[in-house]
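Working notes for the structure below.
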Amino acid sequence: MRVFILEDDPDRIMLLREAAFNHDAVFTESCLGPNGAIEVYARESAKAPFDLLLLDHDLGGRTFVDSNEEDTGAAFVRRLPDGGPTTIPYLPDVVIHSYNADGAKNMLATLREKGYRRSIYVPFGHATLRLLNPAYKW
7 MRVFILEDDP DRIMLLREAA FNHDAVFTES CLGPNGAIEV YARESAKAPF DLLLLDHDLG
67 GRTFVDSNEE DTGAAFVRRL PDGGPTTIPY LPDVVIHSYN ADGAKNMLAT LREKGYRRSI
127 YVPFGHATLR LLNPAYKW
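In the numbering used here, the protein residues as written are 7 to 144.
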């Protein structure tokens with residue numbers, strides 16, 4: 007499975023790397039800059055489509071960030087291409103794993119407007135890790 011992961015917390019990154027050990031996983035920690043999620047996603051999805059996007063909302067070590075800020079998962083979602091038969095015929099599943107429930111709800115609304123129907127909100131925890139590896143135990 008090809009997985010794109012947007013997460014900035016070092017402890018979560020470590021857990022996600024352990025759970026995703028047998029997947030083709032691409033990690034990013036920020037939306038901004040030449041190695042930010044927006045550019046990395048465009049470059050990597052051109053090589054091969056992703057099956058799953060795991061997205062955090064609050065980035066840069068901050069918590070409960072406004073969705074209108076640029077270095078957030080919401081900014082990343084706003085820049086995703088629209089889905090549909092005339093644009094992208096294959097859309098990945100999307101899991102938002104932020105503890106910021108309001109930010110996650112904003113992301114879900116944007117995803118659904120863009121045609122990403124298979125998107126859910128699951129606060130980070132054991133269930134998130136089991137999406138990558140059903141046998142994962144911590």
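A virtual CB, placed ideally from N, CA and C, is assigned to each residue, including glycine.
Where residue i falls: helix, strand or coil (DSSP)
{"i": "Asp17", "result": "helix"}
{"i": "Ser51", "result": "helix"}
{"i": "Arg124", "result": "coil"}
{"i": "Arg68", "result": "coil"}
{"i": "Asp62", "result": "coil"}
{"i": "Leu86", "result": "coil"}
Backbone CA spacing between residue i and residue j [nearest angstrom]
{"i": "Gly42", "j": "Leu58", "result": "18 angstroms"}
{"i": "Gly66", "j": "Asp77", "result": "7 angstroms"}
{"i": "Ile11", "j": "Val100", "result": "10 angstroms"}
{"i": "Cys37", "j": "Arg68", "result": "13 angstroms"}
Cβ separation of residue i and residue j, assumed to be a contact under 8 angstroms, to the nearest whole Å
{"i": "Val9", "j": "Leu138", "result": "7 angstroms"}
{"i": "Glu13", "j": "Asp62", "result": "5 angstroms"}
Counted within 10 angstroms of its Cβ, other Cβ atoms place residue i as buried (16 or more) or exposed
{"i": "Met113", "result": "buried"}
{"i": "Asp30", "result": "exposed"}
{"i": "Thr34", "result": "buried"}
{"i": "Pro87", "result": "exposed"}
Cβ shell of residue i (< 6 angstroms), same chain only, five flanking positions each side left out
{"i": "Gly102", "result": "Note that residue 102 corresponds to Ile in the displayed sequence, not to Gly. Excluding sequence neighbours, Ile102 sits near Leu61, Ala110, Met113, Tyr127."}
Closer than 7 angstroms to chain D by CB, residue i
{"i": "His103", "result": "This model lacks chain D altogether; it includes just one protein chain."}
Proximal residues to residue i (C-beta, below 7 angstroms), its chain only, five neighbours per side dropped
{"i": "Ala54", "result": "Arg8"}
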